[in-house]
Amino acid sequence: MEKLNILDKQGNILDQEYRDVIHQKGLLHGEVHVWCVTPEDELIFQHRAKDKDTYPDLLDATAGGHVDLGETYDESAIKELKEETGLDAEVGDLIFLRTEIKNSFDEVTGMTNHPRRNVYLLKRKVNIEELTIEDGEALGFVSYPISKLLDLDEQEAKKFIPTLLDEDGLSLFKEIDKNI
Numbered sequence: 007m008e009k010l011n012i013l014d015k016q017g018n019i020l021d022q023e024y025r026d027v028i029h030q031k032g033l034l035h036g037e038v039h040v041w042c043v044t045p046e047d048e049l050i051f052q053h054r055a056k057d058k059d060t061y062p063d064l065l066d067a068t069a070g071g072h073v074d075l076g077e078t079y080d081e082s083a084i085k086e087l088k089e090e091t092g093l094d095a096e097v098g099d100l101i102f103l104r105t106e107i108k109n110s111f112d113e114v115t116g117m118t119n120h121p122r123r124n125v126y127l128l129k130r131k132v133n134i135e136e137l138t139i140e141d142g143e144a145l146g147f148v149s150y151p152i153s154k155l156l157d158l159d160e161q162e163a164k165k166f167i168p169t170l171l172d173e174d175g176l177s178l179f180k181e182i183d184k185n186i
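Be aware that the sequence shown starts at 7, since it is given in this note's numbering, and climbs by one per residue.
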């Protein structure tokens, strides 16, 4: 089981703890999200595997993950993009969008995700067919027009991790829309 850094809100490292303990106790830790957009300007979501420790079987950012010990946010973004989509990129290929702090309890697994997350957008547009699914981590990829994401019905909204559709999440989609 991997260890992760426990952080304060400014991103300073306070301690280290095992990943499962971090999610059991809801400790603040580093994460990244990398968003990709199709040539049709649709946002690409990863369909999480059914056995993930938080938010299984729901739609999430195109790529994302924890910032490992000794790794920067930028390094983590490049690594996660490669692992989860097969796409090669360099830091210059990413647009940094924001740092956000989330805190959400997953009723299905009883775990709490409390990340300090850097969010990026891949500058180039990609076809979903170009993406490779990381074995055991995801079920596939789907895309949505941003305009539709801003107006989902209740049934459709249940397919997504809830924090993606809260006020901050929707403002992120609008920010991405301005950058594409």
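Don't be surprised by glycine CBs; every beta carbon is placed ideally from N, CA and C.
Across the segment 119–127 and the segment 96–109, are there enough close Cβ pairs to call them in contact, namely three or more that are closer than 8 Å?
yes
When we look at the beta-carbon of Thr44 and count the other beta-carbons within 10 Å, is it buried (16 or more) or exposed?
Within the sequence shown, numbered from 1, the residue matching residue 44 stands at position 38. Buried, since its Cβ has 16 or more Cβ neighbours within 10 Å.
Three-pair Cβ contact test at 8 Å for the segment 128–146 versus the segment 47–66:
yes
Nearest-angstrom Cβ-Cβ length linking Val114 and Gly71, presumed shorter than 8 Å:
Position 108 of the sequence shown, counting from 1, holds the residue named residue 114. Position 65 of the sequence shown, counting from 1, holds the residue named residue 71. Between Gly71 and Val114 the Cβ distance is about 20 Å, and since that is not below 8 Å, they are no contact.
May I ask you to report which of helix, strand or coil DSSP gives His120?
Taking the first residue of the sequence shown as position 1, residue 120 is located at position 114. Residue state, collapsed to three classes: coil.
contact_flag[the segment 126–136, the segment 85–99] where n(CB pairs < 8 Å) is 3 or more
yes
Report the start-end ranges of each alpha helix (DSSP H) in the segment 10–50 that is 4 residues or longer and not cut off at the edges.
25–31
If we ignore side chains and look at the alpha-carbon of each, how far apart do Arg130 and Lys9 end up?
On the sequence shown, position 124 is the one that residue 130 refers to. On the sequence shown, position 3 is the one that residue 9 refers to. Looking at the two C-alpha atoms, the distance is approximately 33 Å.
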